[in-house]
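Structure, as structure tokens:
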Amino acid sequence: MNSICKRKFFSFFVLYFLTFGCSDNKPHASDQINIVLKVADSETGKGLTHERVEIREIQDPVFSMRQFIKVGEYYTNDKGEVKIPLYKEKGYRFSVFGNHTFGSDEYEKGKLRDKQNIIIEIIPAEKKEIFLN
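For the sequence shown, my numbering begins at 1 and goes up steadily by one.
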């Protein structure tokens, strides 16, 4: 009787490990999408060149505050664009840092599509209003 219990326990353990232990939560290549992010001047609409774009993945842990994990950092080309490979089932925050400029945009999980164009309009520092209470 004791050997039967051991076999059942061992079989259960092996089956449990194969079911839950071998599954990976990493995204697959089929989930990858490519987006184009354009950084533009809000007044002229022209692309801003050599601006630093930082991409952070949004993570919502169950019992704590949101976290933003840095995925990468890119610089805009001569057209003011950056081509970025991302995963469609993740949320992202895009932040633009440049000479006296700042802009950002955020997309929740599943909101980005393949070959989507995202435009972040930058307001020049001298035009930006700061409200202090």
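Glycine residues also receive a C-beta, built at the ideal position from the N, C-alpha and C atoms.
As the structure is a computational prediction, the values presented were derived from the model and not from experiment.
(message) Which residues does DSSP list as the beta-bridge partners of D105?
(response) Paired residue(s): F94.
(message) Tell me the rounded alpha-carbon separation between I118 and D60.
(response) Roughly 23 Å separates the two Cα atoms.
(message) For the pair the stretch 72 to 84 and the stretch 104 to 112, tell me if three or more CB-CB distances fall below 8 Å.
(response) With the cut-off at 8 Å, the stretch 72 to 84 and the stretch 104 to 112 do not touch.
(request) Taking 8 Å as the cut-off, decide whether the C-beta atoms of I120 and F94 are in contact. (result) F94 is positioned such that its CB atom lies closer than 8 Å to that of I120.
(request) Look at the alpha carbon of Y87 and the alpha carbon of G72, and state the distance between them as a whole number of angstroms. (result) Y87 and G72 have their C-alpha atoms spaced approximately 13 Å apart.
(message) For K41 and G47, I'd like the C-alpha separation in whole angstroms.
(response) A quick correction: the sequence has Asp, not Lys, at residue 41. So the two alpha carbons sit approximately 6 Å from each other.
(message) Within the continuous beta strand (DSSP E) that includes K79, where are the two ends?
(response) K79 -> no beta strand (DSSP E), and no H or E assigned at all.
(request) Could you tell me the boundaries of the beta strand (DSSP E) in which V62 lies? (result) No beta strand (DSSP E) holds V62; DSSP gives it neither H nor E.
(request) Using the Cα positions of I69 and V53, report the straight-line distance between them to the nearest angstrom. (result) C-alpha separation (whole angstroms): 14 Å.
(request) Pick out whichever of K8, K115, D31 and R7 has its Cα sitting closest to the Cα of I84. (result) Measuring from the Cα of I84, the nearest candidate turns out to be K115.
(request) Just the C-alpha distance for I35 and Y92, rounded to the nearest angstrom, thanks. (result) Straight-line spacing of the CA atoms in I35 and Y92 works out to 12 Å.
(request) State the DSSP-derived secondary structure class of I69, mapped to helix, strand or coil. (result) Of the three classes helix, strand and coil, the one that applies to I69 here is strand, per DSSP.
(request) Specify, as a first and last residue, the run of the beta strand (DSSP E) that N117 falls within. (result) N117 to I122 is the extent of the beta strand (DSSP E) around N117.
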